[in-house]
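Residue numbers (our numbering), protein chains in the order written: chain A, 1 to 485; chain B, 1001 to 1485.
Ideal placement from N, C-alpha and C gives every residue a C-beta, glycine not left out.
Notes for the one structure printed next.
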């Protein structure tokens, strides 16, 4: 292939990552569980290309996202970029396939997205999003369905009440607050929301300073303020201090903290309906809370907005979120299609699940390994493997360097965390038998070993020699034993 | 988001495609079946980024592939390209994770790959490959495992003997042929293989002309020849005319057609072992045949090479293929790691399966749809949906434009191919009942309708009103009826 031999350094691009089998087994487990929930809630799957016309993406995620696009040229020299989310492609699909895609349309979509921002721990330039969106209805009942689906997806991977929390706010509530306080400038709205979003990180006093004249941060740098009047700041603080309680109680507390207006009545009525729908869907009060301090993404969304966090892994940040965006499809067509949805950031979610101990690091899809002494005829090994696979047992035949000894072969199987080894040695071949070894029991028993004799004995306890006719039944027994643990 | 409203045309990039729900359901079905087979054969999954350092990819697929790379720059201004296959990333993984990835290593990998070539029917610039590869052994027993896995994967999606065929040849056999004929020049080898690869398309006479002085093609253009001597051409023709028979018989016929040499003996011995291993793995003679005319990819591979086709959809070309490549990992490290593998081209495979009628175009993951007259309280609909989902029934609630009539709602459910509609009208709400409608039976019965009266009657036969307590059992019955068909 090359005219002269020159080594290429094998390396992953900065900000990108590989998934080795243990990572992938964990991801597959999570994806499979979530997928089944998405389907149970009536979402159907679509997929779109990784590349889009640049103009399809440009401006949809704000200035920040424009800068973070991976750009390139098509062979026809069209300006092209890698998608940065799955929501814009969804909006494109809705506009492009008006005849084929009937409304209402609820779809799920899993795939890699790309952002050329600064990589850091848990921040990658390619990451996987796992989205649900529903188009075609203005009703908050659909937003409730989205929240219920996400809660159920979180439960499906083993999280229980208290271990996750969906925080919900509403753009309309925030509009009622800000316009009600006399703030009419959109740029000021965005500035206020950015400041409020820092609440957990910097505390209420610093938020007040930033809403007012500004402050000096820990490094001594000045942070310019929004320069609101004290009375306005007081109203804002009153609102974001509303305690999180049951959803309907929170709505009433929000009512008390909001200036009276038509906007307020409409927004609160929407939240009451949302609360009722969540109750109909059986969403626990603790799983999905109304939270007036949630400010992120509120300049992008048009109605309810949600964010998902794991209290045991807050350092991972939000592991998912979403909201209603009734304006996005208008970008592509002359009519409006209302839509709402949510996205799970799979890489960050898996990091968070790992931190809270909800993922088994040793998942393996392979159940049995056929091992032999060096020199055993390969055709014979394959026959045994074939028999196991026909019985539905996921089986690898050890096939490495021909001169590898039995010990190394067995330790390979142990390292792969495979529960059963089926050993074909010269004795077994001569007698028409196989040795079946429980590799996990072998490991367990050896833990408290004091002598070589005990070591050998422990090994023998976990291993039994059976006739070829008993092979399948014996292997199944050992796998069942491993699954129990 | 935008300062002035300007519509963006919603369009897919040239050479790229979207997967709408019906496409995706078919793809998911195929992927799921194949995946289970790959796991049953002991392959474990990995994933790698879509982007690689340019130098990682450059030159690995030959000049043609270099030209077809989608290239871009990383934020650090490194030269980057989108991967064009999954084999090069696999070789990189083997070299990069020497401590973590123990040999032997057999992995599967599914993901999009990118080639900026000319798009055409069934030829996309982004397509999905679904690969298995096994590294760490020189034994052709591993090649046999690859072939057996692929055959089993093809069976798992519903193909039977005669509906698919894996053609197998061997680079070593071809070397024995060409060197045996006195052709020592590698460029000439490649040229000969390109010509032989056209055999099916242009016939043996044209192949002979191209091996000799050259020929004029149908459009009148001259095709330069390899300019071999007549006696050499006769030897080549003798070899590629070896009839396809049982694998061991074909090996013997190849022996008779090959010039005697040490190369020949070694190559034939390998093919005999491969035949024995395939027999041990229970691979039918008709499913995987030794075929001396298979010439594609032989300049890339170092040992056995395979190609998969569906005789009923030959116009789709090869739907998969692979072979042994013992040299690729050396690109990245000072040691050699032998490897062999195969790739299924998922898009083309699905096209071919559709052509031979093996894919149900109407797969849907949604089982039930809750529908109501306009104005029914949404909280009530959600409660019914929640009940169905808790029973494991995949349920969508119809939530479209508020003023859509019941007829349009029902026809939406029919269009989505959902088997059951659960209808909540005012009567049902008042009486605490639900109407359960078998949408497929409704369609069937209406086929031979002659009058309006019959139409209404047919509709009623497929529909029954039951108490809320009977809801789940009734829906399950209808789904079971739909599944039987």
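query	result
Using a Cβ-Cβ cut-off of 8 Å, state whether residue 1070(B) counts as contacting chain A.	yes
Quick one: list the residues of chain A neighbouring residue 1277(B), beta-carbon separation under 9 Å, in chain order.	378, 379 and 382
Residue 1245(B) bridges to which residues according to DSSP?	Beta-bridge pairing links residue 1245(B) to no other residue.
Anything in the region 58-86 of chain A with a Cβ closer than 9 Å to a Cβ of chain B? List those residues in chain order, please.	58, 59, 60, 61, 62, 68, 70, 71, 72, 73, 74, 75, 76, 78, 80 and 82
Excluding the 5 residues flanking residue 416(A) on each side, which residues of the same chain have their C-beta closer than 7 Å to its C-beta?	364 and 366
Looking at chain A, is there any beta carbon in it that lies within less than 8 Å of the beta carbon of residue 1274(B)?	no
Between the C-alpha atoms of residue 1057(B) and residue 1016(B), what's the straight-line distance to the nearest angstrom?	22 Å
What three-state label does DSSP hand residue 1421(B) in the structure shown?	strand
List the residues of chain B whose Cβ lies closer than 7 Å to the Cβ of residue 95(A), in chain order.	1010
Residues of chain B with CB under 8 Å from residue 139(A), in chain order?	1378, 1399 and 1402
Can you round the beta-carbon distance between residue 1114(B) and residue 1125(B) to whole angstroms, since I take them to be within the 8 Å contact cut?	6 Å
From the DSSP output, which residues share a beta bridge with residue 109(A)?	131(A)
Our contact map puts residue 1393(B) next to residue 1421(B) with C-beta atoms below 8 Å; I'd like the distance itself, whole angstroms only.	Rounded, the Cβ-Cβ distance is 13 Å, inconsistent with contact.
Once DSSP output is grouped into helix, strand and coil, what is the label at residue 1304(B)?	strand
Given a cut-off of 8 Å, decide if residue 1310(B) and residue 1164(B) are closer than it, judged by their beta-carbon atoms.	yes
Is the CB-CB distance between residue 359(A) and residue 353(A) below 8 Å?	yes
For the candidate residues 370(A), 428(A) and 432(A), whose alpha-carbon lies nearest to that of residue 419(A)?	370(A)
Please list, in chain order, all residues of the same chain as residue 104(A) whose beta carbon is under 7 Å from its beta carbon, the five residues on each side excluded.	134, 135, 136 and 137
Considering only DSSP beta bridges, list what residue 1465(B) is partnered with.	1435(B)
Which ranges does the beta strand (DSSP E) cover as unbroken runs of at least 3 residues, wholly within the region 1035-1078 of chain B, from first to last along the chain?	1051-1053 and 1071-1073
Sort 1139(B), 1011(B), 1117(B) and 1092(B) by Cα distance to residue 94(A) and report the nearest one.	1011(B)
If you reduce the DSSP assignment to three classes, tell me which class residue 1186(B) lands in.	helix
Compute the Euclidean distance between the alpha carbons of residue 66(A) and residue 1013(B), then round it to the nearest angstrom.	19 Å
Would you say residue 1106(B) faces chain A, with C-beta separation under 8 Å as the test?	yes
Can you find a C-beta in chain B that's less than 8 Å from the C-beta of residue 486(A)?	In the structure as shown, chain A begins at 1 and stops at 485. Residue 486(A) is therefore absent and cannot be evaluated.
I'd like to know whether the C-beta of residue 365(A) is nearer than 8 Å to at least one C-beta of chain B.	yes
Establish whether the CB of residue 130(A) and some CB of chain B are separated by less than 8 Å.	no
So the candidates are 9(A), 340(A), 160(A) and 304(A); which of them puts its Cα closest to the Cα of residue 269(A)?	304(A)
Determine which residues of the region 141-169 of chain A have a Cβ less than 9 Å from any Cβ of chain B, and write them out in chain order.	141, 142, 144, 145, 148 and 152
Measure the alpha-carbon distance for residue 1193(B) versus residue 1295(B) and round it to whole angstroms.	5 Å
Mind checking if residue 344(A) is an interface residue toward chain B, Cβ cutoff 8 Å exclusive?	no
Ignore the nearest five residues each way along the sequence and tell me which others in residue 209(A)'s own chain have a CB closer than 6 Å to its CB.	215
Evaluate residue 1177(B) with the Cβ neighbour count: other Cβ atoms within 10 Å of its Cβ, from every protein chain shown; 16 or more gives buried, anything less gives exposed.	buried
Taking the straight line between their C-alpha atoms, what separation do you get for residue 1436(B) and residue 156(A)?	29 Å
Counting along the chain, where does the beta strand (DSSP E) carrying residue 343(A) start and finish?	339-345
I think residue 1382(B) touches residue 280(A), with their Cβ atoms under 8 Å apart; what is that distance to the nearest whole Å?	4 Å
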